[in-house]
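Novice: Got a structure for you, written out below as structure tokens; questions coming shortly.
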Amino acid sequence: SQKLHPLQQTTAVVTKTNERLPYIHLLGKTYHPVHNYHDRKKFERSLFWFTYRCDFPQIAPYGIDTDAGWGCMLRSAQMLLGHTLRIHFKSRNWMPPVSVDDERQDDFVRKL
């Protein structure tokens, strides 16, 4: 029989309890849930993560000083744009420096 591409396969592992674990598809990469666990976690840690803001000057006349509740759309778009710029200007396989201090000094990260 012909081996299927991972995107065509739905189950990567069947456990002893007959639980089916699917392949994990993340931003154009496919990971086996067991064999590629550490590679997937490394990739997840390398993604840009923009969090909520709080304690900024109030938006008058509404008294809003946090973006909790409405900022998720903004954050999602920013992270998606950041990842797109990462692929365009660096590469799909580029990883930011592991050290936070080194990451802050990276020219690309600073511009982003």
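If you're matching positions, the sequence shown starts at 1406 in our numbering and goes up one per residue.
Where is the CB? At the ideal position from N, CA and C, for every residue including glycine.
Taking K1516 as part of the alpha helix (DSSP H), name the residues at either end of that continuous run.
Specialist: Unbroken alpha helix (DSSP H) run through K1516: D1512 to K1516.
Novice: Terminal residues of the continuous beta strand (DSSP E) containing Y1467?
Specialist: That residue, Y1467, is in no beta strand (DSSP E); it is neither H nor E in DSSP.
Novice: Could you check the C-alpha separation between F1513 and N1441 for me, to the nearest Å?
Specialist: Each residue's alpha carbon lies about 28 Å from the other.
Novice: Compare the beta carbon distance of A1482 and Y1457 with 7 Å and say whether it is the shorter of the two.
Specialist: For A1482 and Y1457, no; Cβs fall outside 7 Å.
Novice: Just to confirm my understanding: we take I1469, look at its own chain, exclude 5 residues before and 5 after, and list those with CB closer than 8 Å. What are they?
Specialist: Correct list, in chain order: Q1463.
Novice: What does H1430 pair with, by DSSP beta-bridge criteria?
Specialist: H1430 is bridged to T1435.
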